[in-house]
Amino acid sequence: MAYRHWCGECGFRTGWLSESQGEYQQIQHYARQHPGIPPGGSVEINRKNPNSLGCLPVLGILFLLLILAASCRR
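For the sequence shown, our numbering gives the first residue as 717, with consecutive numbering after it.
Take a look at the structure:
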């Protein structure tokens, strides 16, 4: 899983990170941008594997099959 933390005071958000890395970046953001305000905001959770390629391998295979079919028609 990956987590993205959003600032409760402005539009800042972290990238998709581990929970602890996101919390650390959010704390650092509050220390720099909103001193004296305790960190708040919301956390967005991505249950998918953020390092996966998604449907890219399937599209690659379909493209290769299309090339193969086009070359066999001649």
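We put the CB at the ideal spot given by N, CA and C, even for glycine.
Can you name, in chain order, every residue of its own chain whose Cβ lies under 6 Å from the Cβ of Ile722, other than the five neighbours on each side? Correcting the residue identity first, residue 722 is Trp in this sequence and not Ile. So the list reads Arg729, Gly757 and Ser758, once near-sequence residues are dropped.
Report all residues from its chain with a CB closer than 6 Å to the CB of Glu760; omit the five preceding and five following residues, and keep chain order. Arg720
What are the partner residues of Ser722, as DSSP defines its beta bridges? Looking at the sequence provided, one finds Trp at residue 722 rather than Ser. In the DSSP output, where bridge partners are listed per residue, Trp722 has Arg729 and Ser758.
Inter-residue spacing [alpha-carbon to alpha-carbon] between Arg763 and Trp732: 11 Å
Let me confirm a value: Gly752 is counted as buried when at least 16 other C-beta atoms fall within 10 Å, else exposed. Which label applies? exposed
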